[in-house]
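So the structure is just underneath, and the comments pick up after that.
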Amino acid sequence: MEKIDKLEWPTIEGYLERLRMQADVDITRVREIFDLGRNLCPEQLTGIFISNYVESDGKQQFKDLWLFSENYVIEVLNFSKSEMPKAEMTIFSHNICFISVEAKNYDFSKTATDDSRLHIYFHARSLFRCDFTAFGQNCDTLKSIFEKYIKSNLARGETSGLL
Amino acid sequence: MDKPSNPEDYIEWWNKRSDVKIDKAAEGQYTYVSTFVKYNFENSRGWKELIHQLHNYDAEYQRRYGYDLLMKRPEDIKLDIKEWGSFLSKVWRKNVVNNKNWDKEEIQPDGGWVTPLNWFERINDIVRTRVVVKYFDGVGLLLDKMCDHFRNYECECIPDWEAREEGYYAAHLNLVRDYELLFGLETKKKSIRVEIQVTTQMKDVIGALTHKYYAEKRMRLELPEEKWQWDYNCDEFAPNYIGHIVHYVEGAIMAIRDRGQVNGKNR
Chain A
19 MEKIDKLEWP TIEGYLERLR MQADVDITRV REIFDLGRNL CPEQLTGIFI
69 SNYVESDGKQ QFKDLWLFSE NYVIEVLNFS KSEMPKAEMT IFSHNICFIS
119 VEAKNYDFSK TATDDSRLHI YFHARSLFRC DFTAFGQNCD TLKSIFEKYI
169 KSNLARGETS GLL
Chain B
149 MDKPSNPEDY IEWWNKRSDV KIDKAAEGQY TYVSTFVKYN FENSRGWKEL
199 IHQLHNYDAE YQRRYGYDLL MKRPEDIKLD IKEWGSFLSK VWRKNVVNNK
249 NWDKEEIQPD GGWVTPLNWF ERINDIVRTR VVVKYFDGVG LLLDKMCDHF
299 RNYECECIPD WEAREEGYYA AHLNLVRDYE LLFGLETKKK SIRVEIQVTT
349 QMKDVIGALT HKYYAEKRMR LELPEEKWQW DYNCDEFAPN YIGHIVHYVE
399 GAIMAIRDRG QVNGKNR
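One line per chain: the protein sequences are A and B, in this order.
Residues in the first sequence are numbered from 19 upward in steps of one, following my numbering.
Residues in the second sequence are numbered from 149 upward in steps of one, following my numbering.
Laid out in structure tokens, this is it:
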């Protein structure tokens, strides 16, 4: 596996800026989850993804947050709207048995545009599932998450028929 | 065909016959939608302003009758999300237990199946709260005032008065609004209800005591043949009549209180 850099707060801040996340309450929540994830994960964190979408009036909504390490993923659903966000962690390396990808106005070989949309879903043999949605430039981040963490972890095993 | 006898069997039965599965993905979607609706509703102007208005209603009732209207500070009234397990149990009851067509050729219940495609619109109380008033008359008064209030905030208000043979009395206000929600790649607008139950202090206490009994009763597939009114030993007899008696006593208390008002005596 390629070497992945350790995830630090300034990198996340840069990502939040690109996402145009402005509400202090959301940024504080991301920081809290990042700190929790660092303590929870047995490995060093290397990646983050926040799902976003846009309503018909153009208002952006943030939905779920994931933190990745080489072998683990931590998921916090509805991270900004839950009163008490719940973090769930699983091992996903060589454990993914199903992936679904849907794209609209998005070409995997090009940079995302403002109206690009990408939806990726996977589930692991442990029944853990992740449902990622990205809008606009965030599609490129999701593509990179897909390349780094998801695609390479499709498992060979009893369910795949490739032992 | 045998009825699935509990929510777990129902999920298995449903997933064999439908492409719209009840699975972890459906649970994730439920968590997202219920959290989104709760967050948006409790941050809406209508709800925030209601908390303020409840103080006014309370003060107005105090001035008029010399008693408190509410049993709690309005700030302590919180919205709750129905748990996934209770939600599925309600879906099972609507599709199976209360389905009068189950033994017919076309087993679909009247009004159609409740499915993951429509259940956010069909189940009333995925987000709900309860407001407890002191006296019987507070129920109607508060329901009317809240209806008037929410009509100013682009909410459809549907009051619902329940009075069942089993001694269950309840008043609900359903507040319907459109919420734009993400499904896959697209957003869709769904009309979803938030339910405010208004009850009295006495019914609230009795409700807490008999809740376990009613929850168990709702899980039964078949009703006993003998009428519960004639079987004083059956599980229904005491709680059902307590429900009726409490309702009657509360009405009688009102009559006494009103007579006191006429005679110029408060408290």
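Even glycine gets a Cβ: it sits at the ideal position worked out from N, Cα and C.
Nothing here was measured: the structure is a model prediction, and the numbers come from that model.
Would DSSP call residue i helix, strand or coil?
{"i": "F140 (chain A)", "result": "strand"}
{"i": "E328 (chain B)", "result": "strand"}
{"i": "M15 (chain A)", "result": "Because residue 15 (chain A) is not part of the residues shown, which for chain A are 19 to 181, the question remains open."}
{"i": "N249 (chain B)", "result": "coil"}
{"i": "E304 (chain B)", "result": "strand"}
{"i": "G65 (chain A)", "result": "strand"}
{"i": "E160 (chain B)", "result": "helix"}
{"i": "C59 (chain A)", "result": "coil"}
{"i": "F97 (chain A)", "result": "coil"}
{"i": "D228 (chain B)", "result": "strand"}
{"i": "N188 (chain B)", "result": "helix"}
{"i": "W261 (chain B)", "result": "coil"}
{"i": "Q431 (chain B)", "result": "Since the first residue of chain B shown is 149 and the last is 415, residue 431 (chain B) is not available in this structure."}
{"i": "Y218 (chain B)", "result": "With the sequence shown as reference, residue 218 (chain B) is identified as Leu, and Tyr is not the correct amino acid for it. If DSSP states are grouped into helix, strand and coil, L218 (chain B) belongs with the strands."}
{"i": "R30 (chain A)", "result": "The displayed chain sequence assigns Ile, not Arg, to residue 30 (chain A). Here I30 (chain A) sits in helix by DSSP."}
{"i": "K24 (chain A)", "result": "coil"}
{"i": "D82 (chain A)", "result": "strand"}
{"i": "V281 (chain B)", "result": "strand"}
{"i": "R193 (chain B)", "result": "helix"}
{"i": "R2 (chain A)", "result": "Nothing can be reported for residue 2 (chain A): it is not among the residues displayed for chain A, which extend from 19 to 181."}
{"i": "I92 (chain A)", "result": "strand"}
{"i": "M19 (chain A)", "result": "Unreliable placement is indicated for M19 (chain A), whose pLDDT of 47 sits below 50; no coordinate value is reported for it."}
{"i": "N243 (chain B)", "result": "helix"}
{"i": "R38 (chain A)", "result": "coil"}
{"i": "T179 (chain B)", "result": "helix"}
Can you give the Cα-Cα distance for residue i and residue j, rounded to whole angstroms?
{"i": "K337 (chain B)", "j": "F331 (chain B)", "result": "10 angstroms"}
{"i": "N246 (chain B)", "j": "R407 (chain B)", "result": "44 angstroms"}
{"i": "F111 (chain A)", "j": "E88 (chain A)", "result": "The sequence shown places Ser at residue 111 (chain A), rather than the Phe named in the question. If I take the Cα positions, the gap works out to 8 angstroms."}
{"i": "N249 (chain B)", "j": "M149 (chain B)", "result": "11 angstroms"}
{"i": "G260 (chain B)", "j": "E364 (chain B)", "result": "25 angstroms"}
{"i": "Y124 (chain A)", "j": "E156 (chain B)", "result": "40 angstroms"}
{"i": "T347 (chain B)", "j": "Y361 (chain B)", "result": "19 angstroms"}
{"i": "W80 (chain A)", "j": "F86 (chain A)", "result": "Reading off the sequence shown, one finds Phe at residue 80 (chain A), where the question assumed Trp. Distance between the alpha carbons of F80 (chain A) and F86 (chain A): 18 angstroms."}
{"i": "H359 (chain B)", "j": "Q377 (chain B)", "result": "20 angstroms"}
{"i": "L34 (chain A)", "j": "I45 (chain A)", "result": "8 angstroms"}
{"i": "N214 (chain B)", "j": "P372 (chain B)", "result": "Going by the sequence as given, residue 214 (chain B) is Gly instead of Asn. The straight-line gap from Cα to Cα measures roughly 47 angstroms."}
{"i": "Y327 (chain B)", "j": "N266 (chain B)", "result": "14 angstroms"}
{"i": "D228 (chain B)", "j": "S127 (chain A)", "result": "45 angstroms"}
{"i": "W162 (chain B)", "j": "K151 (chain B)", "result": "11 angstroms"}
{"i": "E302 (chain B)", "j": "V48 (chain A)", "result": "33 angstroms"}
{"i": "V91 (chain A)", "j": "Y167 (chain A)", "result": "9 angstroms"}
{"i": "S69 (chain A)", "j": "N272 (chain B)", "result": "28 angstroms"}
{"i": "A173 (chain B)", "j": "I255 (chain B)", "result": "27 angstroms"}
{"i": "T335 (chain B)", "j": "L329 (chain B)", "result": "5 angstroms"}
{"i": "V119 (chain A)", "j": "I138 (chain A)", "result": "5 angstroms"}
{"i": "E175 (chain B)", "j": "W232 (chain B)", "result": "7 angstroms"}
{"i": "R165 (chain B)", "j": "R193 (chain B)", "result": "43 angstroms"}
{"i": "S234 (chain B)", "j": "N243 (chain B)", "result": "14 angstroms"}
{"i": "A41 (chain A)", "j": "S98 (chain A)", "result": "10 angstroms"}
{"i": "N171 (chain A)", "j": "C157 (chain A)", "result": "20 angstroms"}
{"i": "L181 (chain A)", "j": "Q78 (chain A)", "result": "Note on L181 (chain A): pLDDT 47, under 50, position unreliable in the model; the coordinate value appears next. So the two alpha carbons sit approximately 44 angstroms from each other."}
Quick one: is residue i near chain B, going by C-beta distance under 8 angstroms?
{"i": "L145 (chain A)", "result": "yes"}
{"i": "L95 (chain A)", "result": "yes"}
{"i": "E120 (chain A)", "result": "yes"}
{"i": "D149 (chain A)", "result": "yes"}
{"i": "S4 (chain A)", "result": "Residue 4 (chain A) cannot be examined here, being either before or after the span of chain A that is shown, 19 to 181."}
{"i": "E73 (chain A)", "result": "yes"}
{"i": "H137 (chain A)", "result": "yes"}
{"i": "S100 (chain A)", "result": "yes"}
{"i": "K81 (chain A)", "result": "yes"}
Against chain A, with Cβ distances strictly below 8 angstroms, would residue i count as a contact?
{"i": "R415 (chain B)", "result": "Only weak support exists for where R415 (chain B) lies, its pLDDT of 48 falling under 50; the coordinates are left without a value."}
{"i": "E231 (chain B)", "result": "no"}
{"i": "E156 (chain B)", "result": "no"}
Mind checking the region 151 to 168 of chain A against chain B and listing, in chain order, the residues whose C-beta falls within less than 7 angstroms of any C-beta there?
-> Cβ proximity to chain B below 7 angstroms picks out T151 from the region 151 to 168 of chain A.
Completely contained beta strand (DSSP E) runs for the region 311 to 399 of chain B, where each covers 3 or more residues = Listed in chain order, the complete beta strand (DSSP E) runs (minimum 3 residues) inside the region 311 to 399 of chain B are 317 to 331 and 334 to 348.
Which residues, in chain order, does the region 187 to 209 of chain B contribute to contact with chain A at a C-beta distance below 7 angstroms?
-> Those residues of the region 187 to 209 of chain B that come within reach of chain A (Cβ to Cβ, closer than 7 angstroms) are Y187.
The region 165 to 185 of chain B: positions lying closer than 8 angstroms to chain A by Cβ | Legend: CB atoms of the region 165 to 185 of chain B lying less than 8 angstroms from CB atoms of chain A belong to residues K172, A173, G176, T179, Y180, T183 and F184.
Please list the residues of the region 330 to 349 of chain B that have a C-beta atom closer than 9 angstroms to any C-beta atom in chain A, keeping them in chain order.
-> Listed in sequence order: L330, G332, L333, E334, T335 and K337.
Segments assigned alpha helix (DSSP H), at least 4 residues, entirely inside the region 110 to 176 of chain A | Correct list: 156 to 163.
Return the residues of the region 307 to 331 of chain B that lie within a Cβ-Cβ distance of less than 8 angstroms from chain A, sorted by chain order.
-> Listed by position along the chain: E328 and L330.
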